[in-house]
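The structure appears right after this line, and notes come after that.
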Amino acid sequence: MSSSFPLSTATYISGAFKITGERVVGKDVTVTLAITNLTCNSKAINVNITAFSILYTNKEMHQLLNETRRLCLKGKEEKEVPLTIKYAQYEDLLTADNMIEVHAVCSSEETNEKLVVQTNIVLENPKFDIKLVDKAILNKPVTIQIIFTNPLNQDLTDIVVVAEGSGLIKDPITKQGGSVKAKGTITIPVTFTPYKEGERYVLADFTCNKFKNIKGHLQINVQAE
């Protein structure tokens, strides 16, 4: 969601951010700033755009971007300013909350107008699949497969999977997955013995050097012996 607020008494420019690309960790983040001159007179607008990785509390952690643009707007004209934050700019600076704050200070030296436009972007982690290899029978070992496809153009290392689930796994199971090549797929088997019948859920957590705590789950029907 985009918001704006004036920093001058009389402000006759408006602005808003539009998210134009995918909001997924590993992809470039693309946004567009739309600025409108609300008067009938032409004016020059200076735009300073910054982006930070932030915590869920909105505390700024790392600066990702700092750019300045200059626009000339005719009366009642709107112009769009495209902006790209490349994955390489944020890959090692993103917090566990996957949040980026972008804000623009739009000002006119001629009229002393100043406007701040701001938006917060939450990036999604890539997903993984969980597949049940065979039927789940009470007190019989059963195996699930955790299948993850690396979306990045670089290898992933230090892969760790943790699985748990009431009625399925008494103590959390941790599996080391090693590494997976760029754009490659890794399958990690996890075997456990269900100890309660009925509909149960296995919960899995996937972590590696570039992605932290990706969550997934699978409903499993445990049948009687």
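First residue of the sequence shown: 1, per full-length UniProt numbering; consecutive thereafter.
From the three backbone atoms N, C-alpha and C, an ideal C-beta is built for every residue, glycine too.
Since this is a predicted model, take the numbers as computed values, not measurements.
- prompt: Can you check whether the CB of V117 is closer than 8 angstroms to the CB of A15?
  reply: The identity of residue 15 in the sequence shown is Gly, whereas the question assumes Ala. Result yes, Cβ atoms of G15 and V117 sit closer than 8 angstroms.
7 angstroms Cβ shell around L156 - same chain, five flanking residues per side excluded: The residues are N150, S179, V180, C208, N209, K210.
task: Please state whether DSSP places Y201 in a helix, a strand or coil.
output: The DSSP-derived three-state label of Y201 is strand.
query: For A224, which three-state DSSP category applies?
result: coil
Of the residues V122, P141, K74, the one placed nearest D97, counting alpha carbons only: Nearest option by C-alpha distance: V122.
- prompt: If you follow the alpha helix (DSSP H) that Q89 is part of, which residue opens it and which one closes it?
  reply: 87-90
field: Boundaries (first-last residue) of the beta strand (DSSP E) holding S107
entry: 99-108
- request: Find out if the Cβ-Cβ distance for the pair K131, I144 is shorter than 8 angstroms.
  value: In this structure, the beta-carbon distance from K131 to I144 falls below 8 angstroms.
message: I want to know whether the region 76-83 touches the region 36-43 - three or more CB-CB distances under 8 angstroms.
response: yes
- prompt: Where do the N-terminal and C-terminal ends of the beta strand (DSSP E) with P189 fall, by residue?
  reply: 185-192
query: Under the three-state reduction of DSSP, which class applies to C208: helix, strand or coil?
result: Coil.
query: Between the C-alpha atoms of F192 and E60, what's the straight-line distance to the nearest angstrom?
result: 42 angstroms
query: From what residue to what residue does the beta strand (DSSP E) around T149 run?
result: 142-149
field: DSSP state of S14 mapped onto helix, strand, coil
entry: strand
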